[in-house]
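Student: The structure under discussion is supplied below as structure tokens; questions concerning it will follow.
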Ligand SMILES: [Zn+2]
């Protein structure tokens, strides 16, 4: 089984252990040995040393020790065979295996990696030279990519064709499918997986391409990004774009910046922050944390502010404890992403990374910045809302630091704050790990609704629309209707505000989860332009309405039923996707959608709708059925 002994010995002898370990920690020569901070445990003074001539390392702090193979096994979390393969790859040794089946499996894996490498080259060549890639080249130039960068990131172009790549590579269909480069269509023909997209090759941390992120050109059909599907090489909850290139920078700065997009990584690079990686179409997972902590235990999230604030707090704190990491959050200007900021104001991008706040602090400041600290009521509300966030932190000492700071800022005696915090911590929690920064008010004192709790309302278009109603009633009132919301909790919250006039007046009359949503949304300002919110919301409602109309037309046996309104709706929805939405068109759409939900409601309930009159809030049991 495994690799032939003599090959293992050859790999061990040929490996430069100082060069290997230097990829993970900085080593300095001290007499006969090399010394540095241990890559296996967190420390401030070096207790890790490497003996170059013996090919061994030892840590006097955590007692990790071994040879080059042990080092790779422990730091990369791989088995013996993989560790030897990693090292063999570094020194160009071709391994022989004792077991023929294993030999076959490893060979197939190597073959697929080689195929991916050829695909990257093929796509890259298309982007640079093919006449049909002109638009892609123009787009990249427009986004600030010069030819050096295109070469460095090995960007590619997947032509707008059925099978150009699979014919071009001429590999077995089975391999092309296994590597996610092609698929067999319904006609039984092998087809390219990517089509008409700019491709960002995603490498494993050893720099070998395992997948692609594909971006469409503006003004073309389809989702903005399409990524490789999970396969034998690529797993999206483990893959980190840019990790191979960023490794050294991460170790040197002892910090890794995690962002969301391929171009954000490029943006950080351009701003001389060569330690950024991106998750590929997913949020941060524990597997990502495991991969990153081997390079640095300081993880800085550079997400859009809303998403960072919304990141599942419980999971973050659990990871901090289990993996001894610290999570920080970069505060980006509202609506800005790192890619844009790198072009418009690289200095600001750099300083925002330097000023990253601990995760809890970031969340507390979001609550506090939205609070009204000039009135006693406002300060009490702010204290409550902030305590809910603080309560989630598992460490009592950490919580207490924040409590004292908040007591000061909200002018509440610290002991009273502590008592309140305990109250919040004892209060029953809803299931799920979504944000619940508003659960400050004591739930036990609220009337309990007769129905089960409604599903939680996550941040998104509907909660934005609710915030629009709370913070810009002049825009929302009269334009929106509770029936336009698909989420039962959002609809109930909207109804409550309509019925009682304000969230403050409503909270005493509604079920706790509705009060919670209102309290939370009321303390968070709307950082987006009201018209944009309205446009996004109308877009969402419009797409649902369109689907309904089309379904109804199909079932009515009359292919032309609603044809006119359907085509108008399509054109209007298309318009909404463009920047600088025309307000009149938007308001026309909103009025149409509002009339539509009122009418549908009247039809389905079999009576004449009461139209715009607010309905009694006790009806949460009804809205629950809309889910
Ligand atoms: Zn150690």
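Residue numbers (the working numbering): 4 to 630. For each residue, glycine too, the CB sits at the ideal point set by N, CA and C.
#1: Residue range of the beta strand (DSSP E) that residue 206 falls in?
#2: Quick check on residue 35: buried or exposed, where buried means 16 or more other Cβ atoms within 10 Å of its Cβ?
#3: Ends of the beta strand (DSSP E) at residue 329?
#4: Give the straight-line distance between the Cα atoms of residue 595 and residue 497, rounded to the nearest whole angstrom.
#5: Would you check whether ligand 1 has a heavy atom nearer than 6 Å to the C-beta of residue 43?
#6: Give me the Cα-Cα distance between residue 162 and residue 225, rounded to the nearest whole angstrom.
#7: Check whether the Cβ of residue 39 lies closer than 6 Å to any heavy atom of ligand 1, and answer yes or no.
#8: If you draw a straight line from the alpha carbon of residue 146 to that of residue 347, how long is it in whole angstroms?
#9: Might you give, ordered along the chain, the residues of its own chain that have their beta carbon closer than 8 Å to the beta carbon of residue 322, omitting 5 neighbours on each side?
#10: Three or more C-beta pairs under 8 Å: does that hold for the region 133 to 143 against the region 49 to 56?
#11: The alpha helix (DSSP H) spanning residue 498 covers which residue range?
#12: Answer yes or no: the CB of residue 69 versus the heavy atoms of ligand 1, is any distance below 6 Å?
#13: For the alpha helix (DSSP H) containing residue 296, list its first residue and its last residue.
#14: Please report the residue range of the alpha helix (DSSP H) in which residue 250 lies.
#15: Could you tell me which residues DSSP pairs with residue 304 in its beta bridges?
#16: The alpha helix (DSSP H) spanning residue 513 covers which residue range?
#17: For residue 14, which option in 410, 89 and 546 has the closest C-alpha, if you only look at C-alpha atoms?
#18: Using only CA atoms, which one of 354, 517 and 565 lies nearest to residue 550?
#19: Sorted by chain position, which residues of the same chain lie with C-beta nearer than 8 Å to residue 12's C-beta, five sequence neighbours on each side aside?
#20: What does DSSP give as the partner residues of residue 126 in its beta bridges?
#21: Straight-line CA distance for residue 500 to residue 217?
#22: Once the 5 residues before and after residue 447 are set aside, which same chain residues still bring their CB inside 8 Å of it?
#23: Report the CB separation of residue 257 from residue 301 in whole angstroms; it is logged as a contact under 8 Å.
#24: Does the Cβ-Cβ distance between residue 474 and residue 400 come in under 7 Å?
#25: Given this structure, state the Cα-to-Cα distance separating residue 713 from residue 43, to the nearest angstrom.
#26: What is the DSSP secondary structure of residue 165, reduced to helix, strand or coil?
#27: Taking a contact to mean a Cβ-Cβ separation below 7 Å, would you say residue 464 touches residue 539 in this structure?
#28: State the Cα-Cα distance for the pair residue 170 and residue 75, rounded to the nearest angstrom.
#29: Any heavy atom of ligand 1 closer than 6 Å to the CB of residue 65?
#30: Rounded to the nearest angstrom, how far is the Cβ of residue 374 from that of residue 409, given a contact under 8 Å?
#31: Just to check my reading of the structure: residue 121 and residue 179 have Cβ atoms closer than 8 Å, yes? What is that Cβ distance to the nearest angstrom?
#32: Which residue marks the beginning of the alpha helix (DSSP H) containing residue 542, and which one marks its end?
#33: In three-state DSSP terms, what is residue 189?
#34: Does the Cβ of residue 62 lie closer than 6 Å to at least one heavy atom of ligand 1?
#35: Out of 295, 97, 341 and 228, state which residue places its alpha-carbon closest to the alpha-carbon of residue 273.
#36: Report yes or no: do three or more beta-carbon pairs, one from the region 196 to 212 and one from the region 150 to 158, lie closer than 8 Å?
Tutor: If we stick to the structure as given:
#1: Your numbering for residue 206 matches position 203 in the chain shown. Note, residue 206: beta strand (DSSP E), 200 to 206.
#2: In the chain shown, residue 35 corresponds to position 32, counting from 1. So residue 35 counts as exposed.
#3: As a first step, residue 329 is located in the chain shown; it is residue number 326 there, counting from the start. Going by DSSP, residue 329 is part of the beta strand (DSSP E) stretching over 329 to 332.
#4: In the chain shown, residue 595 corresponds to position 592, counting from 1. In the chain shown, residue 497 corresponds to position 494, counting from 1. Looking at the two C-alpha atoms, the distance is approximately 19 Å.
#5: Numbered from 1 along the chain shown, position 40 holds the residue referred to as residue 43. Yes; taking the cut-off as 6 Å, the Cβ of residue 43 has a heavy atom of ligand 1 nearer than that.
#6: As a working note, residue 162 is residue 159 in the chain shown. As a working note, residue 225 is residue 222 in the chain shown. Computed Cα separation, rounded: 15 Å.
#7: Translated into the one-based positions of the chain shown, residue 39 becomes position 36. No, the Cβ of residue 39 stays beyond 6 Å of every heavy atom of ligand 1.
#8: For this step, residue 146 is matched to residue 143 along the chain shown. For this step, residue 347 is matched to residue 344 along the chain shown. Rounded to whole angstroms, residue 146 to residue 347 spans 12 Å at the Cα level.
#9: Position 319 of the chain shown, counted from the start, is the residue given in the question as residue 322. Around residue 322, the same chain offers 289, 292, 328 and 330 as residues with beta carbons nearer than 8 Å, after the five sequence neighbours per side are excluded.
#10: Contact between the region 133 to 143 and the region 49 to 56 is absent, because fewer than three Cβ pairs lie under 8 Å.
#11: Looking up residue 498 in the chain shown gives position 495. Residues 491 to 503.
#12: Residue 69 sits at position 66 when you count from the first residue of the chain shown. Not so, every heavy atom of ligand 1 lies at least 6 Å from the Cβ.
#13: Sequence index remark: in the chain shown, residue 296 carries index 293 (1-based). Note, residue 296: alpha helix (DSSP H), 289 to 296.
#14: Taking the chain shown and counting its residues from 1, the one referred to as residue 250 is at position 247. It spans 246 to 256 - the alpha helix (DSSP H) in which residue 250 sits, taken as one unbroken run.
#15: To locate residue 304, count along the chain shown from 1; it is residue 301. For residue 304, the pairing in a beta bridge is given by DSSP as 261 and 332.
#16: Within the chain shown, the letter at position 510 stands for residue 513. Where residue 513 is concerned, there is no enclosing alpha helix (DSSP H), given that its DSSP letter is neither H nor E.
#17: In the chain shown, the residue the question calls residue 14 occupies position 11. For residue 14, the nearest C-alpha among the options comes from 89.
#18: One-based indexing of the chain shown puts residue 550 at position 547. The shortest Cα separation from residue 550 among 354, 517 and 565 belongs to 565.
#19: Walking along the chain shown from the start, residue 12 turns up at place 9. Once the five neighbours on either side are set aside, residue 12 has no close Cβ partner at all.
#20: Against the chain shown, residue 126 aligns to sequence position 123. DSSP lists no partner for residue 126.
#21: Position 497 of the chain shown holds residue 500. Position 214 of the chain shown holds residue 217. So the two alpha carbons sit approximately 43 Å from each other.
#22: Position 444 of the chain shown holds residue 447. Here the model assigns residue 447 a pLDDT of 28, short of 50, so the residue's position is not dependable, and the following value carries that caveat. In the same chain as residue 447, and ignoring 5 residues on each side of it, the C-beta atoms closer than 8 Å to its own belong to 430, in chain order.
#23: Mapped onto the chain shown, residue 257 falls at position 254. Mapped onto the chain shown, residue 301 falls at position 298. Correct: roughly 6 Å between the Cβ atoms.
#24: Within the chain shown, the letter at position 471 stands for residue 474. Within the chain shown, the letter at position 397 stands for residue 400. With respect to the 7 Å criterion, residue 474 and residue 400 are not classified as neighbours on the basis of their beta carbons.
#25: A query on residue 713 cannot be resolved here, the shown segment of the chain reaching from 4 to 630 and no further.
#26: Locating residue 165 in the chain shown gives position 162, counting from the first residue. Reduced to three states, the DSSP call for residue 165 is coil.
#27: As a working note, residue 464 is residue 461 in the chain shown. As a working note, residue 539 is residue 536 in the chain shown. When the beta-carbon positions are compared, residue 464 and residue 539 come within less than 7 Å of each other.
#28: For the purposes of this step, residue 170 is identified with residue 167 of the chain shown, where counting begins at 1. For the purposes of this step, residue 75 is identified with residue 72 of the chain shown, where counting begins at 1. So the two alpha carbons sit approximately 38 Å from each other.
#29: Within the chain shown, numbered from 1, the residue matching residue 65 stands at position 62. Yes, ligand 1 has a heavy atom inside 6 Å of this Cβ.
#30: For the purposes of this step, residue 374 is taken as the residue at position 371 of the chain shown. For the purposes of this step, residue 409 is taken as the residue at position 406 of the chain shown. Going by Cβ atoms, the distance from residue 374 to residue 409 rounds to 10 Å, so no, they are not a contact pair.
#31: The residue given as residue 121 occupies position 118 in the chain shown. The residue given as residue 179 occupies position 176 in the chain shown. In fact, because the Cβ distance is near 11 Å, the residues do not count as touching under 8 Å.
#32: Residue mapping note: residue 542 aligns to position 539 of the chain shown, counting from 1. 533 to 558 is the extent of the alpha helix (DSSP H) around residue 542.
#33: The residue labelled residue 189 in the question sits at position 186 within the chain shown. Here residue 189 sits in coil by DSSP.
#34: The residue you call residue 62 lines up with position 59 of the chain shown. Distances taken from the Cβ of residue 62 to the heavy atoms of ligand 1 include one shorter than 6 Å.
#35: Looking up residue 273 in the chain shown gives position 270. Nearest of 295, 97, 341 and 228 to residue 273, Cα basis: 341.
#36: Yes, the region 196 to 212 is in contact with the region 150 to 158.
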